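Numbering follows the UniProt record's numbering, in which position 725 of the sequence shown is assigned residue number 725; successive positions increment by one, without gaps. Okay, structure first, notes after.
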Amino acid sequence: MLKDAEQRRRAIDPRCSCLVRAPAGSGKTELLIQRYLALLAGVDQPEQILAMTFTRKAAAEMRHRILAALDQAATPAPAELSAHARITRELACAALARDAQSGWNLRQFPDQLAIQTIDSFNASLVRRMPWLSRLGALPQVQPQPQALYRQAVAETLHLHHEDAQLNAAVARLVCHLDNRTALLEDLLIDLLQRRDQWLRHLSASGHQPDRAALEAALCQRVELVLTRLWHQLDDPLRAELQVLMRYAAEQVGRSDSPLTNYRAETFPQPLAERLADWQALAELLLTAAGQWRRRLDKNGGFPPGKGTAARMKDRMTELLAELADRCPAQDWQQLRQLPPPRYSDAAAAVLEALWQLLPALVARLWLVFARHGQIDFCEMALRARQALVEEGQPTDLLLQLDDQIRHILVDEFQDTSWLQFDLLERLTVGWSAGDGRSLFVVGDPMQSIYRFREAQVGLFLRAGRDGIGPVRLESLQLCTNFRAQQQLVDWTNLCCSQLFPRQESIADGAVSFSPSTAALPALPGRAVTFYPQLGRDAVAEAGQLTALVEALLQREPQDRLAILVRARSQVAPLLRALHQAGLPCQAQDLAALGQRPLVMDFVLLLRALLLPGDHLSLLALLRSPLCGLELADLTRIAQRPEADLLAQLQEPELLGELSPEGQARLLRLAAALARAEHQRGLQPLYDWVRDCWDLLAGSACYPSAEGACLDQLAEVFDACDQGGDLVDFARLDELLRQTPARLAAPLNCRVSLMTIHKAKGLEFDQVLLPGLGLTTRPPQRRLLSWQEDVEAGLLLAPLGTLTQTAADPVYALLERIEAEREAHERVRLLYVALTRARKGLHLFGHLRLTGPEQSPQPPAGSLLQLLWPAVEEDFLARLPDSLAGESAERDRLPSLPETPPGLWRRPLAQLPAPALAVATGLTRRWQNEMGEPLARWQARQAGTLLHQWLALLAQQPCWQQPQALAQLQPQLLQHCRQQGFADRAEALSRELLATLQQVLASERGAWLLQPHPLAVCEQALAGWRDGEWIEGVVDRSFVDARSGERLIVDYKSAVPASGEAHAVFYARQLERYGPQLERYLWLYRQWQPQQPCRAALYFPLWDGWCEYFNEGE
């Protein structure tokens, strides 16, 4: 029986409203599914249950698993079931019985299940109440709205306003930042994207900041610290400290000592007005470094001497020893740093200016949104809140929801923000005990790592203590780990018990550690291994990691491996080492789209076309793979007069100065640019640049995996396109910086490279953690710093002037609170990284020597520093012997990325003529046409899947064996879900597998997919024919060794109609697709004039085959 069996039983009781703490690997999702099924058995309609998650992936997985449980409950029970699987089946059977009784038909109509993300729920609220939300028809949600923010900020700062107070506020803020307008713009943009946190406070206090309320919150914060210190001392200690403090104040040898300010006749109470007395006590007890005093002298109030002086010094020594045993010195150091509980006049003036500016800035942003027909997720959430409450009263929509929703489930509750917490409070405002409604929230506060998305783990802790709105929650703690083997669980318990705070704090976001119990037995061998370095050597570490990956894959070919990094800046050397070793790696969202070489060259081409006066971009384009000039030729061009450099590229005088190959390359580029100039304004922006790119065979200069970047570029260009032109290059650059690049990876790739944040919620057999000794940059300072303290209330302060030697004391306090919360989250981030592994964990990190004869130490602020108390012995024992005696750090500069061989500068003979462009390895770009029926779109997507898997089998013949092919079922299922087939992914994956097996079982299908000379798949061809641009993507092409002809094969998923003769069907297909095959033949003959070609259609669904003969044959 599980140790937490009773807690799990309570969690699925529909009568119980509860908050569940579910550590990593504890089966949180399964518990959520069981709760949902239990609720289904007792509601009148499925829509009465609202389940909310934070990501579309989590919502889709939850929906899929509920439907899978219902499907399995409709079949005979297996002979053996685990205990939790048996519970799930019993609950699903009860839900099916209710389904049959009520006639829901959930398995056929799963849209009745109200499972959605919080963002999609907000969108549904806005759609239902467009007038109250002030949005009308729902605008497009822009996931990267920084360009819209920048436009609103620029218009607010640089336009003259009729409101004189607003103009004065802008002037005050510009002056406050020493006329650095660009810095002010960036700081205001940062505020706009976080406006959901401060806007409601701004609205509540009117046009002026409520200084009294802000100072009251500051007093409350001060008193929270004082109260904690008060309770650390008992009455005898307070009395003794009072006596010693009065003595030291009289004896101190310096008139400027803070001890002389102590005037309390009795020990001070923990009140804000007594802060100076408390800080004098801290000065008595602590050194300047914040440690307990070890030496007592006259400057500290204890002069040398005998008699009374000696006795008082002895008493003080005993008191310090007792305090050191009872109290953390850092608590008293925190007291020293508290500001006076009031704002300076200068800070208040800046706050007043912000109170004038920020409402106008938000209003301007709304005008920008309306102008572009776009909003951000923050605006959607704010408007959804507005749709529920108007002028403090519930709207009809809220009353309707209150009547409709009987049960709410929230997943990943530890990542809740203030606005999302407010949404739950509003949804439950009319609930009362015993009314049959329930609230279920589940999460793991030890995995709260999204503060940069405004997640507040203190809200999780507060919900456990005070409930949510009127709903009180029963706190339940899970402890069984179903993921990791016992060695890993025991090691994690040992390490993390030393990392997490002992006491939880709602105000500081401190979460204590909850140990787990392993459900899986220990595996043989070491579960955790260490790979230390003395000094940072990223290249050596990447090589060591790559060798380990190869060894692990050879030892366990079916294992899935994950390489987890703390920051994206660590990725480049790792990717390079894996690529050089020939190890495929799935690496998504790790680099900005604008940093990809293909994208950089595509933008260079755009600049050359639109900005002929941008000589630097033109010279960079001439050096790029699109042209490939040698440095000698490029130098001669750069020395020419800059006036109209583009027009000079074809002048005989310039061409005569270049090498013969340089002339040919330059003429080729100039011809493509001239052709593009004639087409300017006749096409969408991306299509126009892409045509010129294809003429220059741009895609042929890069690995095929880079082709996915072109699809993303199309989306970015469409967002910037203004009638086939680009007006705002700054917006394009910003979008390219913010858009993560999607790189193609093999479907069966077993190595994943991702950030720790991205890995949350995932699990892998082996986890490798490189760069544990690295630190991250400190966060950027904000124009307005605030902390919505769960205990004290709202704390905020403006950024001081740039010329101040010391920060504003209130702002400095908020920065220290932020740093403390950041330190707590760093511990939680490490916990997430350590708990992704099922079998083994591999830790890489570097140490530093801080001085001679000293032991190596991890860098301050690194994850390795957090782990050091638990791993110091193991790390030092595994330092290479050759490094043990080194006395200086050997940090290496990061090496420059290597250019892939053969890609930077292709031989001139291999470059196609400007009239014909050939590029291989391009991915098809399927788009769902506006208004296309869903069934037709799904049929096209299914056809696309079949094409991709046929290409995979042709390119990797090892998967063509029947046993190997059957193992691809999980990848097929995953691919179907990724393509949007959530409801019928399993059925479609089985159909696809059966089709692939049928193809390989047929003589013709097996022959088509077997290796052939010069074979290619998904080959893109394009060129000019009689003044018309034609293009196509050939599914399969190779040279038939029997006839010497190149066979061009196009796959089609059509099947004959019922009773239709094959000859009639073939004639109909040739009539439809004959022109397409004829284009393919023409393109191949232009590319390889000496190679005979023939074309055919292949129908994999029924092994049909039809060759094409044009009229000339």
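Heads up, the beta-carbon is just placed ideally off N, CA and C, and yes, glycines get one too. Every value quoted in this text rests on a predicted model; they were computed, and no experiment measured them.
Open item on the list: What residue range does the alpha helix (DSSP H) around residue 208 cover?
Closed with: Here residue 208 belongs to no alpha helix (DSSP H), and DSSP marks it neither H nor E.
- [ ] Would you check if the distance between the CB atom of residue 26 and the CB atom of residue 444 is smaller than 9 Å?
- [x] Yes. Within cutoff.
TODO: Kindly indicate the opening and closing residues of the alpha helix (DSSP H) around residue 813.
DONE: 809-834
Task: Anticipated Cβ contact below 8 Å, residue 141 with residue 376, distance rounded - done: 7 Å
Open item on the list: Is the separation between the beta-carbon of residue 1096 and that of residue 1107 shorter than 9 Å?
Closed with: yes
TODO: Return the CA-CA distance between residue 91 and residue 474, expressed in angstroms with no decimal places.
DONE: 22 Å
Open item on the list: As a quick exercise: from 157, 222, 949, 1102, pick the residue whose alpha carbon is nearest that of residue 1115.
Closed with: As displayed, the chain neither begins before 1 nor continues past 1113, which places residue 1115 out of reach and without an answer.
Task: Exposure label - residue 179; buried when at least 16 CB within 10 Å - done: With fewer than 16 other Cβ atoms within 10 Å, it is exposed.
Task: Under the three-state DSSP convention, the category residue 754 falls into - done: strand
TODO: Quick one: which unbroken beta strand (DSSP E) runs of 3-plus residues sit fully inside the segment 37-103? Chain order, please.
DONE: 49-53
Open item on the list: Run through the DSSP bridge pairs and tell me what residue 722 is partnered with.
Closed with: 725
Task: residue 266 - containing beta strand (DSSP E), residue span - done: Note, residue 266: premise wrong, no beta strand (DSSP E); not H, not E.
Open item on the list: Between the alpha carbons of residue 39 and residue 684, how many angstroms are there, rounded?
Closed with: Spanning the two alpha carbons is a distance of roughly 52 Å.
Task: N- and C-terminal bounds of the alpha helix (DSSP H) containing residue 454 - done: Taken as a continuous stretch (DSSP letters only), residue 454 belongs to no alpha helix (DSSP H), as it is neither H nor E.
Task: Whole-Å CB distance - residue 753 paired with residue 574, under 8 Å assumed - done: 6 Å
- [ ] Give the C-beta separation of residue 307 and residue 532 to the nearest angstrom, bearing in mind that I take them to be a contact with Cβ-Cβ under 8 Å.
- [x] With 8 Å as the limit, residue 307 and residue 532 do not qualify as a contact, their Cβ atoms being about 57 Å apart.
Task: Residue range of the beta strand (DSSP E) that includes residue 1020 - done: 1016-1025
Open item on the list: If the criterion is Cβ atoms closer than 9 Å, does the pair residue 145 and residue 374 meet it?
Closed with: yes
Task: Beta-bridge pairing of residue 231 - partner residues as DSSP gives them - done: Looking at the DSSP assignment, residue 231 forms no beta bridge with any residue, so it has no partner.
Open item on the list: Please state the DSSP three-state secondary structure of residue 581.
Closed with: When DSSP states are grouped into helix, strand and coil, residue 581 belongs to the coil group.
TODO: Tell me where the alpha helix (DSSP H) around residue 1087 begins and ends.
DONE: 1062-1087
Open item on the list: Taking its Cβ as the centre, do 16 or more other Cβ atoms sit within 10 Å of residue 480, making it buried, or is it exposed?
Closed with: Label assigned to residue 480: buried.
Open item on the list: Using only CA atoms, which one of 454, 723, 466 lies nearest to residue 687?
Closed with: 723
Open item on the list: Measuring CB atoms only, is the segment 73-80 touching the segment 11-31, in the sense that at least three cross pairs come out at less than 8 Å?
Closed with: no
Open item on the list: Would you call the segment 515-534 in contact with the segment 447-456, where contact means no fewer than 3 C-beta pairs closer than 8 Å?
Closed with: Touching, no.
Open item on the list: Checking 9 Å against the spacing of the C-beta atoms, do residue 53 and residue 116 come in under that value?
Closed with: yes
TODO: Give me the Cα-Cα distance between residue 755 and residue 1027, rounded to the nearest whole angstrom.
DONE: Straight-line Cα distance between these residues: approximately 49 Å.
TODO: To the nearest angstrom, report how far apart residue 151 and residue 370 are at their CA atoms.
DONE: Approximately 13 Å between the Cα atoms of the pair.
Open item on the list: I believe residue 70 touches residue 95 by the beta-carbon criterion, under 8 Å. Please report the beta-carbon distance rounded to the nearest angstrom.
Closed with: At roughly 7 Å, the Cβ-Cβ gap stays under 8 Å, so residue 70 and residue 95 are in contact.
Open item on the list: With DSSP as the reference, identify every bridge partner of residue 740, one or two as the case may be.
Closed with: 592
TODO: Would you mind working out which of 1035, 1042, 4 sits nearest residue 1076, comparing C-alpha positions?
DONE: Of the listed residues, the one whose Cα sits closest to residue 1076 is 1035.
TODO: Using only alpha-carbon positions, find the residue among 8, 959, 118 that is nearest to residue 1000.
DONE: Out of 8, 959, 118, 959 has the C-alpha closest to the C-alpha of residue 1000.
Task: Contact belief for residue 322 with residue 237 at Cβ below 8 Å, rounded distance in angstroms - done: Correct: roughly 7 Å between the Cβ atoms.
Open item on the list: Pull the bridge partners of residue 1105 from the DSSP assignment, please.
Closed with: 1098
- [ ] Specify, as a first and last residue, the run of the alpha helix (DSSP H) that residue 686 falls within.
- [x] 685-695
Open item on the list: Can you find the residues in the same chain that come closer than 7 Å, C-beta to C-beta, to residue 486, ignoring five residues on each side of it along the sequence?
Closed with: 518, 520, 521, 522.
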